[in-house]
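Protein chains in written order, with the numbering used here: chain A, 4 to 109; chain B, 438 to 602.
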């Protein structure tokens, strides 16, 4: 099943993780030190973020580092701006409908 | 056409809500009709080159509207709306979902809230759209943008054919 990326960023801990690793790649232990939750809970959040392709893992020696998939974040903003364009088009069409009706009434 | 009409569009991803504010250069009654009467809705709701058709619309609390967005190739994407609250010329709320041609909904859908207010002959409409899953937006976009690409592709073919003659 495909993960819902918005589900992923709806969680405050996951948003905090994204903010952390946006600055630098980090190991799960280093990430967990920033939260008052268990290491398991942080691992679960990282797994969800990975499944959504919002973060990527990189093996360095014996450690795994997590970093942000900046392209994926851009992709989300990109299609939100397309949604905005659809509304712009719609409303311009409505402007035309309204002005036509107003002219007919005069 | 006056270009200084207010238009705000913001998305709060964590709340899974889209907020839209738009001003129209027309009185409240007319703008209210444009959002709540079938004949007017069908004229503007589909972003061109798509068109919109309504199979039925019963604008009252508990009433429904079954409609389709029709692509330039004639492909239909059906949706069903149920009106959950209506305060005439002030506010209405509805639940919107993708559906089949018979109006059987595909859940989850989205909750829409429209508020209308008039000032100095202009009408402001504030829309909030709450999506249980914002992935639905992606589906909406996929449909429209594919449709647009396809129609542009057709145009290119046509132009290529014509220029050969």
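Note that the Cβ used here is the ideal one computed from N, Cα and C, for glycine as well.
Owing to the predicted nature of the structure, the values given are computational and were not obtained by experimental measurement.
On the premise that residue 482 of chain B lies in contact with residue 93 of chain A, defined as a C-beta separation below 8 angstroms, what is that separation, rounded to the nearest angstrom?
What you label residue 93 of chain A is simply residue 90 of the first chain in a count that begins at 1. What you label residue 482 of chain B is simply residue 45 of the second chain in a count that begins at 1. Their Cβ separation, rounded to whole angstroms, is 6 angstroms, which keeps residue 93 of chain A and residue 482 of chain B in contact under 8 angstroms.
Should residue 63 of chain A go down as buried or exposed, given a rule of 16 or more other Cβ atoms within 10 Å for buried?
Here residue 63 of chain A refers to the residue found at position 60 when the first chain is read from its first residue. Exposed, because fewer than 16 other Cβ atoms sit within 10 Å of the Cβ of residue 63 of chain A.
Using a C-beta cutoff of 9 angstroms, does residue 507 of chain B count as contacting chain A?
Here residue 507 of chain B is taken as the residue at index 70 of the second chain, counted from 1. No, its Cβ sits nowhere closer than 9 angstroms to a Cβ of chain A.
Does the CB of residue 462 of chain B have a neighbour CB from chain A at under 9 angstroms?
As a working note, residue 462 of chain B is residue 25 in the second chain. Output row for residue 462 of chain B: interface = yes.
So what does DSSP say about residue 498 of chain B, is it helix, strand or coil?
Taking the first residue of the second chain as position 1, residue 498 of chain B is located at position 61. Coil.
Run down chain A in chain order and give the residues with a C-beta less than 7 angstroms from the C-beta of residue 484 of chain B.
For this step, residue 484 of chain B is matched to residue 47 along the second chain. Within chain A, the residues near residue 484 of chain B are 89, 92 and 93.
Could you check whether residue 90 of chain A and residue 559 of chain B sit closer than 9 angstroms to each other, using their CB atoms as the reference points?
Taking the second chain and counting its residues from 1, one reaches residue 559 of chain B at position 122. Taking the first chain and counting its residues from 1, one reaches residue 90 of chain A at position 87. Taking 9 angstroms as the Cβ cut-off, residue 559 of chain B and residue 90 of chain A do not qualify as a contacting pair.
Just list the residues that DSSP pairs residue 529 of chain B with in beta bridges.
Translated into positions along the second chain, residue 529 of chain B becomes position 92. BP columns for residue 529 of chain B point to B:523 and B:551.
What is the DSSP secondary structure of residue 503 of chain B, counted as helix, strand or coil?
Position 66 of the second chain, counting from 1, holds the residue named residue 503 of chain B. Strand.
For the alpha helix (DSSP H) holding residue 53 of chain A, just list the boundary residues, first then last.
Mapped onto the first chain, residue 53 of chain A falls at position 50. Element bounds for residue 53 of chain A: 42–54.
Flag residue 100 of chain A as yes if its beta-carbon sits less than 9 angstroms from any beta-carbon of chain B, otherwise no.
Here residue 100 of chain A corresponds to residue number 97 of the first chain, with the count starting at 1. So yes, residue 100 of chain A belongs to the interface.
Verify whether the separation of the beta carbon atoms of residue 499 of chain B and residue 506 of chain B is less than 9 angstroms.
Indexing the second chain from 1 puts residue 499 of chain B at position 62. Indexing the second chain from 1 puts residue 506 of chain B at position 69. No; because the gap between Cβ atoms is not below 9 angstroms, this pair is not in contact.
State the Cα-Cα distance for the pair residue 553 of chain B and residue 563 of chain B, rounded to the nearest angstrom.
Numbered from 1 along the second chain, position 116 holds the residue referred to as residue 553 of chain B. Numbered from 1 along the second chain, position 126 holds the residue referred to as residue 563 of chain B. When rounded, the distance between both Cα atoms is 7 angstroms.
I want to verify the contact list: residues of chain B whose CB lies under 9 angstroms from the CB of residue 12 of chain A, in sequence order.
Here residue 12 of chain A refers to the residue found at position 9 of the first chain. Those within 9 angstroms of residue 12 of chain A in chain B are 450 and 451.
Would you please verify whether the beta carbon of residue 106 of chain A is less than 9 angstroms from any beta carbon of chain B?
Against the first chain, residue 106 of chain A aligns to sequence position 103. Not closer than 9 angstroms to any Cβ of chain B, the Cβ of residue 106 of chain A fails to qualify, so no.
To the nearest angstrom, report how far apart residue 551 of chain B and residue 41 of chain A are at their CA atoms.
In the second chain, residue 551 of chain B corresponds to position 114, counting from 1. In the first chain, residue 41 of chain A corresponds to position 38, counting from 1. Those two C-alpha atoms are separated by around 43 angstroms.
Alpha carbon of residue 463 of chain B to alpha carbon of residue 541 of chain B, nearest angstrom:
Residue mapping note: residue 463 of chain B aligns to position 26 of the second chain, counting from 1. Residue mapping note: residue 541 of chain B aligns to position 104 of the second chain, counting from 1. Computed Cα separation, rounded: 36 angstroms.
Using three-state DSSP, classify residue 458 of chain B as helix, strand or coil.
Looking up residue 458 of chain B in the second chain gives position 21. In this structure, residue 458 of chain B counts as strand in the three-state DSSP scheme.
If you drop the 5 nearest sequence neighbours on each side, which residues of the same chain put their C-beta closer than 7 angstroms to that of residue 479 of chain B?
Here residue 479 of chain B refers to the residue found at position 42 when the second chain is read from its first residue. Hits under 7 angstroms: 489, 490 and 491.
Roughly how many angstroms separate the alpha carbons of residue 546 of chain B and residue 106 of chain A, rounded to a whole number?
Counted from its first residue, the second chain places residue 546 of chain B at position 109. Counted from its first residue, the first chain places residue 106 of chain A at position 103. Computed Cα separation, rounded: 38 angstroms.
Selected residue, minimal CA-CA separation from residue 88 of chain A, among B:535, B:501 and B:484:
The residue you call residue 88 of chain A lines up with position 85 of the first chain. Here the closest residue by C-alpha is B:484.
For residue 589 of chain B, name the three-state secondary structure that DSSP assigns.
Taking the second chain and counting its residues from 1, one reaches residue 589 of chain B at position 152. Bear in mind that a pLDDT of 46 at residue 589 of chain B, under 50, signals an unreliable position, so the number given afterwards is only what the model happens to contain. Note: residue 589 of chain B maps to helix in three-state DSSP.
Check whether the segment 446–460 of chain B and the segment 516–530 of chain B are in contact - that is, three or more C-beta pairs closer than 8 angstroms.
no
Would you mind telling me which residues of chain A sit closer than 7 angstroms to residue 477 of chain B, beta carbon to beta carbon, in chain order?
By 1-based counting over the second chain, the position of residue 477 of chain B is 40. Within chain A, the residues near residue 477 of chain B are 100.
From the DSSP output, which residues share a beta bridge with residue 560 of chain B?
The residue labelled residue 560 of chain B in the question sits at position 123 within the second chain. Paired residue(s): B:461 and B:555.
Leaving out five residues on either side along the sequence, give the residues of the same chain with a beta carbon under 7 angstroms from the beta carbon of residue 467 of chain B.
Against the second chain, residue 467 of chain B aligns to sequence position 30. Excluding sequence neighbours, residue 467 of chain B sits near nothing in its chain.
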